[in-house]
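Heads up: the structure comes next, in structure tokens.
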Amino acid sequence: MPHRLPDLPFPTDALEPHMSSETLSLHHGKHHATYVEKLNALIEGTEFATSPLSEIVAKAHGGIFNNGAQAWNHAFFWNCLHPEGGGDPHQGALADAIAKDFGSAEALRNEFSTRLTTLFGSGWVWLAKDRDGNLGVESTSNAGNPITDGKMPILTCDMWEHAYYVDYRNRKKEYVESFWHLVNWNFVAANFEREAPYEP
Ligand SMILES: [Fe+2]
2 MPHRLPDLPF PTDALEPHMS SETLSLHHGK HHATYVEKLN ALIEGTEFAT SPLSEIVAKA
62 HGGIFNNGAQ AWNHAFFWNC LHPEGGGDPH QGALADAIAK DFGSAEALRN EFSTRLTTLF
122 GSGWVWLAKD RDGNLGVEST SNAGNPITDG KMPILTCDMW EHAYYVDYRN RKKEYVESFW
182 HLVNWNFVAA NFEREAPYEP
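All residue numbers for the sequence shown refer to our numbering, where the first residue is 2 and numbers rise by one.
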């Protein structure tokens with residue numbers, strides 16, 4: 002079952018001025034598309050030929066993991082963003098859990114932002130829920146994803162250079178500030194309620 006590049010959940014210019022149409026066209030149309038293409042070539046004739054992406058993220062290694070996880074991570078990341086995003090999480094189970102595990106939404110944003118600006122090399126920063134239901138912030142290198150450790154991804158931000166260099170050059174802090182204007186808290190809250198990881 003070949004995987005396909007999912008459409009962006011919004012037009013390429015919908016996140017301006019925080020994320021440009023040029024960035025989204027390249028990031029989705031070239032980078033994300035290439036991960037999907039390479040994955041399809043690599044899984045042919047293997048035990049992962051018919052696996053859903055989340056299973057590839059949980060079980061695969063090497064090139065199949067790298068391209069499969071990048072395909073999953075990007076599909077998830079696009080849904081973490083919304084033209085009318087930003088602000089604080091709405092009242093509910095997620096907001097309660099953030100208050101319990103971080104003290105406040107602001108404290109979560111501060112911890113997440115520090116992880117993003119101090120990440121060395123390419124990777125992702127995650128809000129993830131462990132098996133006991135506790136929330137934590139973690140970073141992963143390259144294609145890494147918390148699913149591999151049995152955790153549930155709740156929110157992510159792409160900290161590969163291709164995510165911000167066109168718009169912000171080396172000004173990582175400005176990219177991170179712009180990310181918080183775009184966070185789709187409805188999607189993030191839905192991820193907190195999931196029984197199984199998001200499936201693109
Ligand atoms: Fe990316």
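From the three backbone atoms N, C-alpha and C, an ideal C-beta is built for every residue, glycine too.
In chain order, what residues of the same chain have a beta carbon less than 8 Å from the beta carbon of residue 1, not counting five sequence neighbours either side? Given a span of 2 to 201 for the chain in the structure shown, any question on residue 1 remains unanswerable.
Give me the residue from 36, 155, 127 and 12 with the minimum Cα distance to residue 25. Start at 1 with the first residue of the sequence shown, and residue 25 comes out as number 24. Comparing Cα-Cα distances from residue 25 to each of 36, 155, 127 and 12, the minimum goes to 12.
Closer than 8 Å, CB to CB, is residue 53 near chain C or not? This model lacks chain C altogether; it includes just one protein chain.
So which of 146, 109 and 159 has the shortest CA-CA distance to residue 137? The residue you call residue 137 lines up with position 136 of the sequence shown. Answer by Cα proximity: 109.
Taking the CB atoms as reference points, tell me whether residue 125 and residue 151 lie closer together than 8 Å. In the sequence shown, counting from the first residue as 1, residue 125 sits at position 124. In the sequence shown, counting from the first residue as 1, residue 151 sits at position 150. No.
Give me the DSSP bridge partner(s) of residue 105. Residue 105 sits at position 104 when you count from the first residue of the sequence shown. Paired residue(s): none; residue 105 is not in a bridge.
State buried or exposed for residue 118, treating a residue as buried only when at least 16 other CB atoms are found within 10 Å of its CB. For the purposes of this step, residue 118 is taken as the residue at position 117 of the sequence shown. The residue is exposed, with fewer than 16 neighbouring Cβ atoms inside 10 Å.
Label residue 121 either buried or exposed according to how many other C-beta atoms from any shown protein chain fall within 10 Å of its C-beta, with 16 as the threshold for buried. Residue mapping note: residue 121 aligns to position 120 of the sequence shown, counting from 1. Burial is judged here by how many other beta carbons sit within 10 angstroms of a residue's own beta carbon; residue 121 has fewer than 16 and is exposed.
Using the Cα positions of residue 39 and residue 92, report the straight-line distance between them to the nearest angstrom. Taking the sequence shown and counting its residues from 1, one reaches residue 39 at position 38. Taking the sequence shown and counting its residues from 1, one reaches residue 92 at position 91. Cα-Cα distance, rounded: 41 Å.
Consider the C-beta atom of residue 159 and the heavy atoms of ligand 1; say whether any pair is separated by less than 7 Å. In the sequence shown, the residue the question calls residue 159 occupies position 158. Yes, the beta carbon of residue 159 sits closer than 7 Å to at least one heavy atom of ligand 1.
Closest residue to residue 176 among 113, 129 and 32 (Cα-Cα distance): The residue labelled residue 176 in the question sits at position 175 within the sequence shown. The candidate whose alpha carbon is nearest that of residue 176 is 113.
State yes or no: is the C-beta of residue 210 nearer than 7 Å to some heavy atom of ligand 1? Given a span of 2 to 201 for the chain in the structure shown, any question on residue 210 remains unanswerable.
To which residues of the same chain is residue 56 closer than 8 Å at the C-beta, ignoring the five residues directly before and after it? Taking the sequence shown and counting its residues from 1, the one referred to as residue 56 is at position 55. Once the five neighbours on either side are set aside, the close Cβ partners of residue 56 are 49.
When DSSP labels each residue in this structure, what does residue 14 get in the three-state scheme? Taking the first residue of the sequence shown as 1, we reach residue 14 at position 13. It is coil, neither helix nor strand.
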